[in-house]
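Structure, as structure tokens:
Residue numbers (my numbering): 44 to 135.
Okay, structure coming up:
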């Protein structure tokens, strides 16, 4: 059986972030996820798209149940990526 849709979407969003990072690697300091609400409407720039995707993935990661048998082996990584600052620079 193949991967779940949610897993495929998560991976696809990570790939988009990776591509955006590759296109503008010098903008790391601007990538901090702010605790403010997202702007209304669709993102208009690559930076807004990246920020929006990173915020979404950070929220999804923070919502994971650390006691789940699937999550438990990856607990340290999940805990790391529940923090917004972990999404400023992602390694391949």
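Yeah, the Cβ is synthetic: ideal placement off N, Cα and C, and Gly gets one too.
Assigned secondary structure, residue i (DSSP; H/G/I helix, E/B strand, else coil)
{"i": "residue 126", "result": "coil"}
{"i": "residue 113", "result": "coil"}
{"i": "residue 120", "result": "helix"}
{"i": "residue 45", "result": "coil"}
Segment limits, alpha helix (DSSP H) that includes residue i
{"i": "residue 84", "result": "Taken as a continuous stretch (DSSP letters only), residue 84 belongs to no alpha helix (DSSP H), as it is neither H nor E."}
{"i": "residue 89", "result": "89-105"}
{"i": "residue 59", "result": "48-66"}
Cβ-heavy atom distance, residue i to the ligand ADP, below 7 Å
{"i": "residue 97", "result": "With respect to the ligand ADP, the structure offers nothing, as it holds no ligand at all."}
Query raised in the report: Quick one: any contact between the stretch 53-63 and the stretch 85-102, if contact means 3 or more CB pairs under 8 Å?
Result: The stretch 53-63 is in contact with the stretch 85-102.
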